[in-house]
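A.B. asks:
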Amino acid sequence: MASAVTTPLLAGVSLLITAGPTREAIDPVRYLSNHSSGKMGYALAKAAQQLGAQVTLVSGPVALSTPFGCRRIDVQSAQQMHQAVMAEVANMDIFIGCAAVADYRPAQQVEQKIKKNRDEMTLSLVKNPDILSDVAARPDRPFVVGFAAETQDMEHYARDKLSRKRLDMIAANDVSKQNIGFNSEQNALSVFWPSGETQLPLCDKHSLALQLLQVIAEQYKEKQD
Ligand code: CTP
Ligand code: CA
177 MASAVTTPLL AGVSLLITAG PTREAIDPVR YLSNHSSGKM GYALAKAAQQ LGAQVTLVSG
237 PVALSTPFGC RRIDVQSAQQ MHQAVMAEVA NMDIFIGCAA VADYRPAQQV EQKIKKNRDE
297 MTLSLVKNPD ILSDVAARPD RPFVVGFAAE TQDMEHYARD KLSRKRLDMI AANDVSKQNI
357 GFNSEQNALS VFWPSGETQL PLCDKHSLAL QLLQVIAEQY KEKQD
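The UniProt record's numbering applies: residue 177 is where the sequence shown begins, and numbers increase by one.
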């Protein structure tokens with residue numbers, strides 16, 4: 177008797193994911209960064225691979241091992257992450273921007289260690305390129321999913337980012353709550369797309385990643401049809 181064979185949800189789908197923080201060099205020994213363990217992005221990469229996708233992970237500096245079967249490109253700064261993503265994004269079906277990209281970088285990167293010979297110092301910063309917006313602006317754009325870390329008015333800010341960055345979907349988390357988001361093993365997400373939304377309640381990041389990929393796959397396939 178023939179056994180039933182089910183096609184994995186993301187079979188034949190190529191997926192590009194950014195994960196982790198970026199580091200913006202101030203001098204050879206110092207940098208600006210933000211709280212991000214990379215766990216959510218890595219959980220998404222692992223879950224997508226398990227669901228049959230071909231996964232490329234562009235990763236900032238994290239203390240995590242590469243999920244089985246995923247291709248990983250390591251970067252440090254937002255500019256390097258931008259460059260790596262632009263080099264990889266052609267022919268991708270889905271892009272998920274999960275990285276906590278530093279919004280600004282030091283205007284000057286000095287070559288020698290800054291000495292503490294002044295009582296005050298001012299650091300001048302310039303804005304980094306927005307990777308997610310630049311992917312969404314491409315004529316050959318993949319299905320684009322963003323993340324939004326918010327501390328207040330989550331739906332308002334998430335929907336604003338969804339339309340302003342021309343995304344297909346955005347997954348928002350409330351980083352003001354303890355046990356959610358940054359560095360935590362667990363997370364909860366509110367997911368918004370132009371014609372709908374869904375809540376993914378608090379659970380471990382691997383189960384959450386599988387649930388989010390199901391929502392992404394549904395909307396991705398709907399857009400293909
Ligand atoms: N993002 C990006 N490139 C940047 C900044 C952010 O690709 N230079 C992506 C993040 O990976 C995330 C989404 O944009 O998917 C939203 O990040 P967030 O920090 O919440 O939003 P910002 O647009 O940076 O706005 P703000 O920090 O002012 O809320
Ligand atoms: Ca930001």
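All C-beta atoms in this analysis are idealised placements derived from N, C-alpha and C, irrespective of residue type, glycine included. If you're wondering where the values come from, they're calculated on a predicted model, not measured in any experiment.
For residue 319, tell me which candidate among 267, 210, 209 and 248 has the shortest Cα-Cα distance.
C.D. replies: Out of 267, 210, 209 and 248, 267 has the C-alpha closest to the C-alpha of residue 319.
A.B. asks: Under 8 Å: do the region 277-292 and the region 333-345 share three or more Cβ pairs, one atom per stretch?
C.D. replies: With a cut-off of 8 Å, the region 333-345 and the region 277-292 do not count as touching, because too few Cβ pairs lie within range.
A.B. asks: Tell me whether residue 256 sits in a helix, a strand or coil according to DSSP, three-state version.
C.D. replies: Residue 256 falls in the helix class under three-state DSSP.
A.B. asks: Is the Cβ-Cβ distance between residue 276 and residue 200 less than 7 Å?
C.D. replies: No. Outside cutoff.
A.B. asks: Alpha carbon to alpha carbon, how far is residue 237 from residue 162? Give it in angstroms, no decimals.
C.D. replies: In the structure as shown, the chain starts at 177 and stops at 401, and residue 162 therefore has no counterpart that could be examined.
A.B. asks: So residue 144 and residue 373 are in contact, right, with Cβ under 8 Å, and what is the actual spacing, rounded?
C.D. replies: The chain is shown only over 177 to 401; residue 144 falls outside these bounds and no answer can be derived.
A.B. asks: Taking three-plus beta-carbon pairs below 8 Å as touching, is the region 297-307 in contact with the region 279-286?
C.D. replies: Judged by Cβ distances under 8 Å, the region 297-307 makes contact with the region 279-286, as three or more pairs qualify.
A.B. asks: Tell me where the alpha helix (DSSP H) around residue 336 begins and ends.
C.D. replies: Residues 330-340.
A.B. asks: Since residue 361 is in the beta strand (DSSP E), which residue starts that stretch and which ends it?
C.D. replies: From DSSP, residue 361 is part of no beta strand (DSSP E); its letter is neither H nor E.
A.B. asks: Report the CB separation of residue 193 from residue 217 in whole angstroms; it is logged as a contact under 8 Å.
C.D. replies: 6 Å between Cβ atoms; contact.
A.B. asks: With residue 345 as the anchor, note down where its beta strand (DSSP E) starts and where it stops.
C.D. replies: First-last of the beta strand (DSSP E) with residue 345: 345-350.
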